[in-house]
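Quick note on numbering: this note's numbering labels position 313 of the sequence shown as 326, and the sequence is numbered without any gaps. Cβ atoms here follow ideal geometry from the backbone N, Cα and C, with glycine treated the same way. Encoded as structure tokens, the structure appears first; notes follow it.
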Amino acid sequence: MAEPAVEETAKTGVLPFATSLDDPRLEADLLPRAMSKRALIACGAGCSVLSLARRYPDVAYTGFEPSARTLAHVRAKIAAAEARDTKLLNLENESPTGLNQCGLYEDVFAHFRERLHATVAPREEVLRFFRRERDLQELDALLRTWLRNPGWKAACEGAFGDPLRAVLGSETERNLTTTWPEYVRGALERALRRDAAPENPFLSLALLGMYGEDREPYYVRNGGPFELDLVEGALGDVPEIERFDLVSLGTSLDLESDAAVQAVVKLLGKLRPGAVVFVRQIGSSRSIRPFFDERFWFDDRMSRRFAERDRSVLTDRFEVAVKR
């Protein structure tokens, strides 16, 4: 269930994603819902599973990831966090060689920032927004000025076309009903208008290329030893899947064929009754619910809550499936 860039970049040694696109606070909310003692997390670049493992150490975590290159990147993050090398993890450091800035996805946003800072808002002005160096009314006015500037739309159109398709897949592959530039622009605008936008680490990484102090992910802020297992492979390569109470698949099902989704759900059918499967989607018009209906029921209340709580910017649908 790799993202489209993973297979090709595994051959070249280029990293598709340096950061995870998922907000781990949502999995944290599901741990008590699932009464979880063992959680299986689609690892990706590792930010979510590392934050969960540091913050809720009483749960046993397993991360799975098909790409050996990406897993090596996750292990580099673990080493940096254990050494408390926050600069290498891009805390108050926008270096493109930092472990949260060295992927193709992050490079797309680096080009967006170049356009943004040149035509809409100088970097110092963006810094003032994230550091709340003006009162709320002034910050709101500043934001409205940015979004009304024709350069804002032009920056999105210039940055989020083919380069983003190369990493996230085409609009057709993702079942988007709009274009990537339009989708990302709308997602960024909604996130920026939220009350806690200056504290959002995903926004900070997108618009500044770094985490701000006290805005960084939990594993960056609280380095130390990590207790978790990492499996190189897809979901089917994880041994004894029935032992997990919570399975988080990220957005990986967006890019799978119907037959592949059916195969995943068949595997998940081994879970105990009451176990929770969490699926995110990015702009997809395809519902995954029909694939799950025979074996699972959906917690609509949690899904609505997550839509309000999520900070990850691009994700717009959250499905919480409970094993019958």
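{"Item": "Who are the near neighbours of L84 in its chain, counting only those whose CB is closer than 8 Å to its CB and skipping five residues on each side?", "Value": "C56, E78, L243 and E245"}
{"Item": "If you draw a straight line from the alpha carbon of D120 to that of P286, how long is it in whole angstroms?", "Value": "42 Å"}
{"Item": "Hey, V233 and L44: beta-carbon distance below 8 Å or not?", "Value": "no"}
{"Item": "Decide yes or no for the touch test of the stretch 157-176 against the stretch 117-136: beta carbon pairs closer than 8 Å, at least 3 of them.", "Value": "yes"}
{"Item": "Let me confirm a value: E229 is counted as buried when at least 16 other C-beta atoms fall within 10 Å, else exposed. Which label applies?", "Value": "buried"}
{"Item": "Give me the Cβ distance between L63 and K100, rounded to the nearest whole Å; I'm assuming they're in contact under 8 Å.", "Value": "With a Cβ gap of about 17 Å, L63 and K100 do not count as contacting."}
{"Item": "Return the residue from the list F319, R337 and V335 that minimises the CA-CA distance to D329.", "Value": "F319"}
{"Item": "Just reading off the alpha helix (DSSP H) that K100 is part of, what are its end residues?", "Value": "Taken as a continuous stretch (DSSP letters only), K100 belongs to no alpha helix (DSSP H), as it is neither H nor E."}
{"Item": "Indicate whether the contact test is met: 3 or more Cβ pairs, each with one atom in the stretch 294-306 and one in the stretch 179-190, closer than 8 Å.", "Value": "yes"}
{"Item": "Can you tell which of M223, N213 and G164 has the C-alpha that lies nearest to the C-alpha of R198?", "Value": "G164"}
{"Item": "Taking all protein chains shown into account, do 16 or more other C-beta atoms lie within 10 angstroms of the C-beta of K50, making it buried, or fewer, making it exposed?", "Value": "exposed"}
{"Item": "Of all the CB atoms in chain B, is at least one closer than 8 Å to the CB of F311?", "Value": "Among the protein chains of the structure shown there is no chain B, as only one such chain exists."}
{"Item": "What does DSSP give as the partner residues of R143 in its beta bridges?", "Value": "Looking at the sequence itself, residue 143 is Phe, so the reference to Arg does not match. According to DSSP, which records beta bridges pairwise, F143 is partnered with nothing at all."}
{"Item": "DSSP three-state label for Y118, please.", "Value": "helix"}
{"Item": "Threshold first: 4 residues or longer. Then list the alpha helix (DSSP H) segments lying entirely within the stretch 161-249, N to C.", "Value": "163-172, 175-181, 193-206, 214-221 and 231-234"}
{"Item": "Enumerated in chain order, which unbroken segments of the alpha helix (DSSP H) with a length of 4 residues or greater are wholly contained in the stretch 257-328?", "Value": "271-281, 302-305 and 313-322"}
{"Item": "If you check the beta carbons only, do G222 and F143 fall under 8 Å apart?", "Value": "no"}
{"Item": "Quick one: Cα of V326 to Cα of D36, how far?", "Value": "9 Å"}
{"Item": "Could you tell me which of A94, V180 and E307 sits nearest to P238, measuring between CA atoms?", "Value": "A94"}
{"Item": "Once the 5 residues before and after F305 are set aside, which same chain residues still bring their CB inside 6 Å of it?", "Value": "V278 and A334"}
{"Item": "Mapping the DSSP letters down to three states, classify A134 as helix, strand or coil.", "Value": "coil"}
{"Item": "Alpha carbon to alpha carbon, what distance is there between V290 and W310?", "Value": "10 Å"}
{"Item": "By the three-class DSSP mapping on this structure, what secondary structure does V62 have?", "Value": "helix"}
{"Item": "Using a 10 Å radius around the Cβ and a threshold of 16 neighbouring Cβ atoms, would you call A47 buried or exposed?", "Value": "buried"}
{"Item": "Kindly give me the distance between the Cβ atoms of G111 and L117, rounded to whole angstroms, as I take these residues to be in contact under 8 Å.", "Value": "No, G111 and L117 are not in contact; Cβ-Cβ is about 15 Å, not under 8 Å."}
{"Item": "Taking 6 Å as the limit between beta carbons, can you name the residues of its chain near N162, skipping five residues before and five after?", "Value": "V133"}
{"Item": "Ends of the alpha helix (DSSP H) at V93?", "Value": "Residue identity differs from the one stated: residue 93 is Ala in this sequence, not Val. Run containing A93: A81 to E95, per the alpha helix (DSSP H) assignment."}
{"Item": "Since G76 sits in a beta bridge, which residues does DSSP pair it with?", "Value": "I54 and L243"}
{"Item": "Measure the CB-CB distance between L39 and F331 and report whether it falls below 8 Å.", "Value": "yes"}
{"Item": "Beta-carbon within less than 8 Å of I301's beta-carbon, same chain only, minus the 5 sequence neighbours each way: which residues are those?", "Value": "L266, V274, V292, Q294 and E332"}
{"Item": "Does the Cβ of N235 have 16 or more other Cβ atoms within 10 Å, making it buried, or fewer, making it exposed?", "Value": "exposed"}
{"Item": "Apart from the five residues just before and just after R145, which ones in its own chain have a Cβ nearer than 8 Å to its Cβ?", "Value": "L152 and P211"}
{"Item": "Using only alpha-carbon positions, find the residue among L28, S33, R147 and A288 that is nearest to F215.", "Value": "S33"}
{"Item": "How big is the Cα-Cα spacing for A96 and E307?", "Value": "47 Å"}
{"Item": "For a test of the three-state rule: what should DSSP assign to E21, helix, strand or coil?", "Value": "The predicted position of E21 is uncertain, since its pLDDT is 41 and thus under 50; a value taken from the coordinates is nonetheless stated next. Three-state DSSP puts E21 in a helix."}
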